[in-house]
Amino acid sequence: IPFIFRSLATSDILVISSFGSIIVLEDDLLTSPLFLRYMNNALNLYKDNSSVISIHGYQYPLNDVQNLPDVFFIKGADCWGWATWSRGWDFFEPNGKKLLNELNSKKLQKEADFNNTFNFTNMLKEQIDGKNDSWAIRWYMSAFLNNKLTLYPKKSFVHNIGNDGSGSHCSETDKFLISDFSNEIYFQNDNQDISENLKARGAMEKYFSRLDVSFRVKIKNKLRDIFSI
């Protein structure tokens with residue numbers, strides 16, 4: 006499976022078409038030694054499952070992860086150390102306005118925004134208005150509106166070393182984007198429940214909602230940087 010060490014670009018679609026799947030990394034992401042094994046295991050296991058659109062290697066530093074399974078599904082898609090198949094990328098809708106219209110017509114904004122705890126919809130509106138040129142927010146919404154699932158680990162397999170702009174260390178205010186490397190390897194199996202894990206989704210909502218206003222602005226700006234690639 007080929008690696009792309011940057012944001013996914015239009016030319017990289019040829020790679021997906023040629024190889025059938027792809028793993029995408031930013032050049033400032035440090036990966037766990039287990040990252041590739043996790044990705045390849047999951048890509049192989051779910052390659053023929055049309056409900057699963059992608060695999061993700063990052064997870065927010067959630068509370069009570071011991072109460073979550075090692076891996077779980079969340080509706081939508083993500084963009085920080087991730088992988089997909091050509092059949093998954095086929096769902097990508099480049100027209101942000103079309104995505105927003107569908108989101109509004111189905112009255113799914115609250116769900117897309119994790120029960121109104123984080124405003125992903127506003128990122129899509131900013132893309133439509135030309136305030137960002139994010140393929141990633143359109144990738145998320147494309148997967149979400151098609152009711153597709155992404156596999157997440159409960160602990161990250163990736164660590165961003167460039168959050169402060171220097172690439173050498175992370176500031177105190179950036180630590181919310183860092184969770185511990187896992188020393189475990191997750192062995193996916195056929196007994197994995199192919200549905201959204203509502204407990205894990207709730208944990209993400211709690212993570213977003215417990216941020217104070219100033220911290221919420223910081224995470225919004227960081228996520229805008231991630232999604233505006």
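The working numbering applies: residue 6 is where the sequence shown begins, and numbers increase by one. By construction, the Cβ of each residue, glycine as well, lies at the ideal position given by its N, Cα and C atoms. Note that the structure is a prediction, hence the values are computed from the model and not measured.
Distance between residue j and residue i (C-alpha atoms, nearest Å)
i    : j    : result
L30  : T36  : 9 Å
G62  : D134 : 30 Å
N68  : Y212 : 8 Å
F125 : P38  : 31 Å
W85  : M209 : 16 Å
K102 : Y145 : 14 Å
G172 : S110 : Legend: pLDDT at G172 = 41, less than 50; position of this residue unreliable, value from coordinates given subsequently. About 42 Å.
I199 : K136 : 36 Å
Q197 : R215 : 30 Å
N45  : A117 : 28 Å
L203 : Y43  : 22 Å
Nonlocal neighbours in the same chain, by C-beta distance under 8 Å from residue i, ignoring five residues either side
i    : result
P99  : W140 and R143
L34  : W85, G86, V163, H164, N165 and I166
M54  : Reading the sequence as shown, one finds Asn at residue 54 and not Met. Closer than 8 Å at Cβ, skipping near neighbours: I199.
F119 : F125, R206, M209, E210 and F213
L104 : E98, L129, R143, M146, S147 and L150
Contact under 8 Å by Cβ, residue i with residue j
i    : j    : result
Q64  : S147 : no
K4   : S23  : Limits of the chain in this structure are 6 at one end and 234 at the other, which puts residue 4 out of reach.
Y157 : V76  : yes
L73  : A205 : yes
K115 : N121 : yes
L48  : I60  : yes
Cross-strand partners of residue i (DSSP beta bridge)
i    : result
P158 : V76
V163 : T36
E201 : F78
Close Cβ partners of residue i (< 7 Å) along its chain, the five nearest in sequence each way excluded
i    : result
I58  : A82, T89, G93, F96, A148, K153, L154 and T155
E201 : F78, I79, K80 and L154
G25  : W90 and S91
Own chain partners of residue i with C-beta closer than 6 Å, once the 5 adjacent residues on each side are dropped
i    : result
F123 : F213
E107 : L150
Y51  : V57
is_contact[residue i, chain D] using C-beta, thresh 8 Å
i    : result
Q197 : In summary, chain D is missing from the structure at hand, where a single protein chain is found.
Taking only runs of the beta strand (DSSP E) that begin and end inside the region 40 to 100, which ones reach a length of at least 3 residues, in chain order? 57 to 61, 76 to 80 and 87 to 90
Starting from the N-terminal side, write out each stretch of the beta strand (DSSP E) that is 3 residues or longer and does not extend beyond the region 105 to 160. 154 to 158
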